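Asker: Residue numbers (UniProt numbering): 1 to 416.
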């Protein structure tokens, strides 16, 4: 599971503008410093928000530079400034003091894009920044730079591409048969058009796909009845797979794949064993995986369906190898009780490497009992333990559902 490392509170903001810049320092609300500048060209101005530090950790495998800085009261600020001045920098590691020097490492990735590379490291402190690029804002393998423009990112174009997000190219954008309702852009048009006729590119038929995913990225929770796992390749390889619960209901998993994945990118790559979907990775690459837990059930009361527990939505990027098997369980909707009070909790969505190595887990929503308004405790937690219910018992832990209840009331958020 991706660790919930940083709270929403932003401790510091820095701004850098090019080609001419100057710094003026002001005491910020949380006791840090706020740096600001003025420049004519707004696209070259970098505004960086650093998040709360993580002591005893360092991000490995993505170091751009190792810089030796003098020890002093502004050492952290100096390291952050070095990061801010390097367009590709997304996080920093501060190493242990050695005499009168401290190691400053600036990296071109962070804990969101590569969570498995954030390692416990004695004597180091990790600090990432608010990273809009982790949402895959740039298309067609363009380079995404953090902190530029008022959107918090900018895309560096490749030859033949234009548009704010490098979405418009010189040729046709291919529309895969399995995604006929997605948006596509043809040639150099200035607006997206919806088209049910596949377009082809003679050089690489399915390379360029533009999906309307901005709205989905803004959703914190799944729709009430929908749980799924979505897997996309982050490189040029054209692969996108959406795994569902195959319309299974109740406590038991699905028993047949049916035709659910026919014609899709993962058609023929999935088998089903004891209700668990076994997906064979088609090629080695970085995969962006999104796991959404199922909603909880509802009871006979009129408002229960509206305010029942919602599943969590978790996103991470992982390096997968061709031929390895990934086990997937997609959560099933919690039990619905139209005759009495109380209902079942939703199932979690699990993505596991090998036999027992979790990659990412989206918890299921809690069961509802005569609810009349929205309670956050009924929704799934993004931590490793379930939320306590509203005016009720504690949630599940260690991969198990809540174990304390009685015959007349619901349990809590469940993670299995």
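For glycine and all other residues, C-beta sits at the position ideal for the given N, C-alpha and C. Only a predicted model underlies this, so the values are computations on that prediction, with no experimental measurement involved.
#1: Go to residue 300, then tell me how far its alpha helix (DSSP H) extends in each direction, as first and last residue.
#2: Tell me the DSSP secondary structure of residue 255 in three-state form.
#3: Under a Cβ-count criterion, where at least 16 other Cβ atoms within 10 Å of its own Cβ denotes burial, should residue 266 be classed as buried or exposed?
#4: For the alpha helix (DSSP H) holding residue 73, just list the boundary residues, first then last.
#5: To the nearest angstrom, report how far apart residue 98 and residue 45 are at their CA atoms.
#6: Can you give the Cα-Cα distance for residue 152 and residue 329, rounded to whole angstroms?
#7: Just to confirm the assignment: which complete beta strand (DSSP E) runs, minimum length 3, are found wholly within the segment 334–358?
#8: Any idea which residues DSSP pairs residue 285 with across the strands?
#9: Three-state secondary structure (DSSP) at residue 117?
#10: If you follow the beta strand (DSSP E) that residue 49 is part of, which residue opens it and which one closes it?
#11: Specify the secondary structure class of residue 374 as computed by DSSP and reduced to three states.
#12: Using 10 angstroms around the beta-carbon of residue 129, count the other beta-carbons present and answer buried if the total reaches 16, otherwise exposed.
#13: Suppose you measure from the CA of residue 396 to the CA of residue 253; what does that come to, to the nearest Å?
#14: Go to residue 243, then tell me how far its beta strand (DSSP E) extends in each direction, as first and last residue.
#15: Report all residues from its chain with a CB closer than 6 Å to the CB of residue 438; omit the five preceding and five following residues, and keep chain order.
#16: For residue 81, which three-state DSSP category applies?
#17: May I have the straight-line CA-CA distance separating residue 250 from residue 92, to the nearest angstrom?
#18: From residue 308 to residue 348, what distance separates their C-alpha atoms?
#19: Distance check for residue 149 and residue 435, CA to CA, integer angstroms please.
#20: Ends of the beta strand (DSSP E) at residue 58?
#21: DSSP three-state label for residue 155, please.
#22: Reducing DSSP to helix, strand and coil, say where residue 13 ends up.
#23: Which same chain residues end up closer than 8 Å to residue 382 when comparing Cβ atoms and leaving out the 5 residues on each side of it in sequence?
#24: Could you have a look at residue 89 and say whether DSSP puts it in helix, strand or coil?
#25: Thinking just about the alpha-carbon of each residue, which of 285, 275 and 357 is nearest to the one in residue 323?
#26: Would you check if the distance between the CB atom of residue 120 and the CB atom of residue 56 is smaller than 7 Å?
#27: Measure the alpha-carbon distance for residue 107 versus residue 358 and round it to whole angstroms.
#28: Under the rule that 16 or more other beta-carbon atoms within 10 Å means buried, what is residue 355, buried or exposed?
#29: For residue 313, which residues does DSSP report across the bridge?
#30: Residue 365 and residue 336 - do their beta-carbons sit closer together than 7 Å?
#31: Quick check on residue 132: does DSSP put it in helix, strand or coil?
#32: Determine the extent of the beta strand (DSSP E) in which residue 280 is found, giving its start and end residues.
#33: Do you know whose CA, among 310, 327 and 342, lies nearest residue 333's CA?
#34: With a Cβ-Cβ cutoff of 7 Å, do residue 380 and residue 293 count as a contact?
#35: Going by DSSP in three states, residue 126 sits in which element: helix, strand or coil?
#36: Once you ignore the five residues that flank residue 275 on each side, which residues in its own chain have a CB closer than 8 Å to its CB?
Answerer: In this structure, then:
#1: Within the chain shown, numbered from 1, the residue matching residue 300 stands at position 300. No alpha helix (DSSP H) holds residue 300; DSSP gives it neither H nor E.
#2: For the purposes of this step, residue 255 is taken as the residue at position 255 of the chain shown. In the structure shown, residue 255 falls within a coil segment according to DSSP collapsed to helix, strand and coil.
#3: Position 266 of the chain shown, counting from 1, holds the residue named residue 266. Using a 10 angstroms sphere on the CB of residue 266, the tally of other CB atoms reaches 16 or more, which defines it as buried.
#4: Taking the first residue of the chain shown as 1, we reach residue 73 at position 73. For residue 73, there is no enclosing alpha helix (DSSP H), as DSSP marks it with neither H nor E.
#5: For the purposes of this step, residue 98 is taken as the residue at position 98 of the chain shown. For the purposes of this step, residue 45 is taken as the residue at position 45 of the chain shown. Here the C-alpha atom of residue 98 lies approximately 35 Å from the C-alpha atom of residue 45.
#6: Taking the first residue of the chain shown as position 1, residue 152 is located at position 152. Taking the first residue of the chain shown as position 1, residue 329 is located at position 329. Those two C-alpha atoms are separated by around 35 Å.
#7: Runs found: 349–353.
#8: Numbered from its first residue, the chain shown carries residue 285 at position 285. Paired residues: 320.
#9: Locating residue 117 in the chain shown gives position 117, where the first residue counts as 1. The answer is helix: DSSP assigns residue 117 an H, G or I state.
#10: Within the chain shown, the letter at position 49 stands for residue 49. Note, residue 49: beta strand (DSSP E), 46–50.
#11: Taking the first residue of the chain shown as 1, we reach residue 374 at position 374. Taken through DSSP and simplified to helix, strand or coil, residue 374 comes out as coil.
#12: The residue given as residue 129 occupies position 129 in the chain shown. By the Cβ neighbour-count rule, residue 129 is buried, with 16 or more other Cβ atoms within 10 Å of its own.
#13: One-based indexing of the chain shown puts residue 396 at position 396. One-based indexing of the chain shown puts residue 253 at position 253. Rounded to whole angstroms, residue 396 to residue 253 spans 20 Å at the Cα level.
#14: Here residue 243 refers to the residue found at position 243 of the chain shown. Residues 240–243.
#15: Since the displayed the chain opens at 1 and closes at 416, residue 438 lies outside it and no answer follows.
#16: As a position in the chain shown, residue 81 is number 81, starting the count at 1. Here residue 81 carries a helix assignment [DSSP, helix/strand/coil].
#17: Taking the first residue of the chain shown as 1, we reach residue 250 at position 250. Taking the first residue of the chain shown as 1, we reach residue 92 at position 92. If I take the Cα positions, the gap works out to 46 Å.
#18: Along the chain shown, read from residue 1 onward, the residue named residue 308 stands at position 308. Along the chain shown, read from residue 1 onward, the residue named residue 348 stands at position 348. Straight-line Cα distance between these residues: approximately 15 Å.
#19: Residue 435 lies beyond the range of the chain shown here (1 to 416); nothing can be said about it.
#20: Numbered from its first residue, the chain shown carries residue 58 at position 58. Run containing residue 58: 54–59, per the beta strand (DSSP E) assignment.
#21: Counted from its first residue, the chain shown places residue 155 at position 155. It is a strand residue.
#22: As a first step, residue 13 must be located in the chain shown, where it is residue number 13. In this prediction, residue 13 has a pLDDT of 41, which is less than 50 and means its spatial position is unreliable; what the coordinates show is noted afterwards. In the three-state reduction of the DSSP assignment, residue 13 falls in the strand class.
#23: Counted from its first residue, the chain shown places residue 382 at position 382. Excluding sequence neighbours, residue 382 sits near 4, 312, 314 and 363.
#24: Taking the first residue of the chain shown as 1, we reach residue 89 at position 89. Correct three-state label for residue 89: coil.
#25: On the chain shown, residue 323 is found 323 positions in, with the first residue counted as 1. That would be 285, whose Cα lies nearest to the Cα of residue 323.
#26: Within the chain shown, the letter at position 120 stands for residue 120. Within the chain shown, the letter at position 56 stands for residue 56. Yes, they are a contact pair.
#27: By one-based count along the chain shown, residue 107 stands at place 107. By one-based count along the chain shown, residue 358 stands at place 358. Spanning the two alpha carbons is a distance of roughly 26 Å.
#28: The residue you call residue 355 lines up with position 355 of the chain shown. An exposed status is given to residue 355, since fewer than 16 other beta-carbon atoms sit within 10 Å of its beta-carbon.
#29: Position 313 of the chain shown, counting from 1, holds the residue named residue 313. Answer by DSSP bridge pairing, in chain order: 292.
#30: Counting from 1 along the chain shown, the entry for residue 336 is found at position 336. Counting from 1 along the chain shown, the entry for residue 365 is found at position 365. Going by C-beta atoms, residue 336 is not nearer than 7 Å to residue 365.
#31: To locate residue 132, count along the chain shown from 1; it is residue 132. Helix, per DSSP.
#32: Within the chain shown, numbered from 1, the residue matching residue 280 stands at position 280. For residue 280, the uninterrupted beta strand (DSSP E) segment begins and ends at 276–280.
#33: Locating residue 333 in the chain shown gives position 333, where the first residue counts as 1. The residue with the shortest Cα to Cα distance from residue 333 is 310.
#34: Here residue 380 refers to the residue found at position 380 of the chain shown. Here residue 293 refers to the residue found at position 293 of the chain shown. Their beta carbons are under 7 Å apart, which means residue 380 touches residue 293 by this criterion.
#35: Within the chain shown, the letter at position 126 stands for residue 126. The three-state reading of DSSP puts residue 126 in strand, counting E and B together.
#36: Locating residue 275 in the chain shown gives position 275, where the first residue counts as 1. Cβ neighbours of residue 275 beyond the five flanking positions: 248, 252, 253, 254, 255 and 329.
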